[in-house]
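Numbering (our numbering), first residue to last: 155 to 223.
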């Protein structure tokens with residue numbers, strides 16, 4: 155499954171890297187694309203093994219609250 159999140163607090167390339175790394179650490183995540191200009195994160199993941207809440211929590215833990223875009 156692929157889902158896009160709005161992450162309005164992404165303000166720099168470093169922020170984008172932090173969010174991307176937090177999500178990529180999750181085994182069930184297959185791909186992450188962070189768009190700094192639109193402040194969105196697209197995540198491709200195995201939805202039979204992980205839910206949206208776990209993805210949202212991973213971003214929140216590194217200081218970047220996200221909402222479904």
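Note that beta-carbon positions come from the ideal geometry of N, C-alpha and C, so glycine has one too.
Taking the Cβ atom as the reference point for each residue, do residue i and residue j lie within a distance shorter than 8 angstroms?
i           : j           : result
residue 182 : residue 200 : yes
residue 197 : residue 207 : no
residue 188 : residue 218 : no
residue 168 : residue 223 : no
Under 8 angstroms by Cβ, that's how I've got residue i and residue j pegged, so tell me the actual separation to the nearest angstrom.
i           : j           : result
residue 191 : residue 170 : Not a contact, Cβ separation roughly 10 angstroms.
residue 117 : residue 176 : Outside the displayed range of the chain (155 to 223) lies residue 117, so it cannot be described from this structure.
Tell me the DSSP secondary structure of residue i in three-state form.
i           : result
residue 193 : coil
residue 187 : strand
In angstroms with no decimal places, state the Cα-to-Cα distance between residue i and residue j.
i           : j           : result
residue 185 : residue 164 : 18 angstroms
residue 205 : residue 193 : 22 angstroms
residue 215 : residue 195 : 15 angstroms
From the DSSP output, read off the bridge partner residues of residue i.
i           : result
residue 160 : 194, 221
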